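For reference, the structure is listed below as structure tokens.
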DNA sequence: TAATTCCGACCGTCCAGACGGTATTAGGAG
DNA sequence: CTCCTAATACCGTCTGGACGGTCGGAATTA
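Protein chains in written order, with the working numbering: chain L, 1 to 183; chain B, 184 to 366.
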């Protein structure tokens with residue numbers, strides 16, 4: 001017997017998923033409250049009940065993405081033998097894997113982040129967090145930083161090149177980055 | 184005696200400069216046609232006369248930024264002794280210099296690029312151009328790519344951290360990147 | 001006269017958020 | 001168990017404002 005609370009969190013979930021779907025199917029520009037509500041089979045009022053503003057919707061969505069990414073890094077971390085640079089190598093793999101975060105999303109992030117200070121700070125804090133973790137991974141800090149930056153660039157990179165894999169293929173880059181962690 | 188054409192190109196110039204100022208002072212979200220026109224001391228109709236759409240304004244603005252950056256790289260290139268990795272090193276310096284491109288701008292780019300296919304392609308082509316030039320600079324392609332990515336990341340990085348220079352200072356990163364070009 | 005530059009009021013659209021509802025449920029008092 | 005009351009979940013219309021772009025003209029120049 002589903003309680004009232006259950007229904008509520010389930011609706012929230014549906015809204016988050018709808019957000020993803022809207023972006024994925026109709027592009028970042030189509031991300032309006034009406035669209036999301038419609039896609040989720042919820043009225044606009046219902047949406048605003050759970051997320052009192054668009055910003056808060058995006059915020060929840062962002063947190064969702066962060067969590068997914070963290071999860072992905074964790075999985076790779078498990079597979080990696082314990083040694084200096086273990087986390088860094090997991091981070092590399094996760095950054096270039098395509099399951100965790102559908103990259104259409106990056107567009108939205110940047111677009112919304114341009115407008116909302118809050119979101120900017122969120123991203124900043126997340127990045128700061130990773131920075132500190134990666135710098136204390138047994139690899140010299142400057143090198144670790146550079147590697148992280150290269151990984152982060154892969155995000156914005158794929159934002160542009162829909163069908164990537166130019167002359168320097170993705171796997172080549174991963175290999176190169178991994179090599180750098182070992183000297 | 185100022186001809187009519189002169190006045191026209193001068194107005195175009197004023198509009199471009201106004202664009203920069205609006206972004207810089209009021210943030211990316213405030214980049215509206217009205218604002219730009221007002222800032223430039225030109226009527227909205229005047230603006231639309233020179234740039235028939237917002238997209239075309241941004242496009243011109245982007246081209247302006249590209250040109251500035253290219254110029255900046257060129258300057259560093261001159262100072263660099265001819266050797267393998269010369270261009271790459273100039274690119275590194277230019278990426279981390281703060282004069283060439285006020286970094287507030289990056290936000291706008293991403294925001295607008297999210298919506299306009301044309302702009303996306305422009306950025307893509309520019310990046311592709313640099314990629315090819317940097318890969319043929321006497322440095323192994325994978326390494327060169329990674330270094331370029333780290334440089335590109337510095338853009339989006341500074342986008343977030345207003346007052347950067349965390350534990351790993353900017354100069355440290357530059358040094359590290361330069362070191363990588365030498366082995 | 002014809003073209004160019006620029007003006008500024010105006011239009012249509014889009015969209016976030018407000019608001020005034022209804023329905024369902026939780027939970028305590030009797 | 002039953003009422004009563006509040007809170008919670010959700011609905012859907014409406015609006016106010018912002019913003020990109022149009023249009024009919026005025027002024028200047030070629």
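We treat Cβ as the ideally placed atom computed from N, Cα and C, and that holds for glycine. Note that the coordinates shown come from a computational prediction; the quantities given were computed from them, not determined experimentally.
Cβ neighbours of residue i in the same chain (closer than 8 Å, five flanking residues each side left out)
i	result
residue 174 of chain L	92, 93, 96
residue 316 of chain B	270
residue 314 of chain B	328, 331
residue 306 of chain B	245, 292, 296
residue 176 of chain L	none
residue 141 of chain L	135
residue 47 of chain L	15, 33, 36, 37, 40, 57
residue 302 of chain B	238, 241, 242, 245, 292, 295, 296
residue 43 of chain L	37
Cβ-based burial, residue i [other Cβ within 10 Å; buried from 16]
i	result
residue 340 of chain B	buried
residue 288 of chain B	buried
residue 19 of chain L	buried
residue 154 of chain L	buried
residue 308 of chain B	exposed
residue 150 of chain L	buried
residue 181 of chain L	buried
residue 228 of chain B	exposed
residue 304 of chain B	exposed
residue 235 of chain B	exposed
residue 366 of chain B	exposed
residue 152 of chain L	buried
Residue-chain proximity (residue i, chain B), Cβ-Cβ < 8 Å
i	result
residue 173 of chain L	yes
residue 197 of chain L	There is simply no residue 197 of chain L to check, as chain L begins at 1 and stops at 183 in what is shown.
residue 184 of chain L	Past the edges of chain L, shown from 1 to 183, lies residue 184 of chain L, and the structure says nothing about it.
residue 137 of chain L	no
residue 154 of chain L	yes
residue 149 of chain L	yes
residue 19 of chain L	no
Below-8 Å beta-carbon distance, residue i vs any chain L residue
i	result
residue 277 of chain B	no
residue 340 of chain B	yes
residue 293 of chain B	yes
residue 217 of chain B	no
residue 298 of chain B	yes
residue 212 of chain B	yes
residue 283 of chain B	Bear in mind that a pLDDT of 48 at residue 283 of chain B, under 50, signals an unreliable position, so the number given afterwards is only what the model happens to contain. No, its Cβ sits nowhere closer than 8 Å to a Cβ of chain L.
Where residue i meets chain L, residues with beta-carbon distance less than 7 Å
i	result
residue 239 of chain B	Residues of chain L passing the Cβ test: none, with the nearest at roughly 18 Å.
Cross-chain neighbours of residue i in chain B, by beta carbon under 8 Å
i	result
residue 177 of chain L	329
Beta-carbon contacts of residue i that lie in its chain and below 7 Å, excluding the five residues immediately before and after
i	result
residue 82 of chain L	none
residue 12 of chain L	50
residue 138 of chain L	84, 85
residue 256 of chain B	273, 274, 277
residue 200 of chain B	none
residue 205 of chain B	213, 214, 218, 219, 222
residue 77 of chain L	86, 87, 90
residue 362 of chain B	none
residue 250 of chain B	none
Cβ neighbours of residue i in the same chain (closer than 6 Å, five flanking residues each side left out)
i	result
residue 79 of chain L	none
Decide yes or no for the touch test of the stretch 204 to 215 of chain B against the stretch 107 to 124 of chain L: beta carbon pairs closer than 8 Å, at least 3 of them. Under the 8 Å Cβ criterion, the stretch 204 to 215 of chain B counts as touching the stretch 107 to 124 of chain L, having at least three qualifying pairs.
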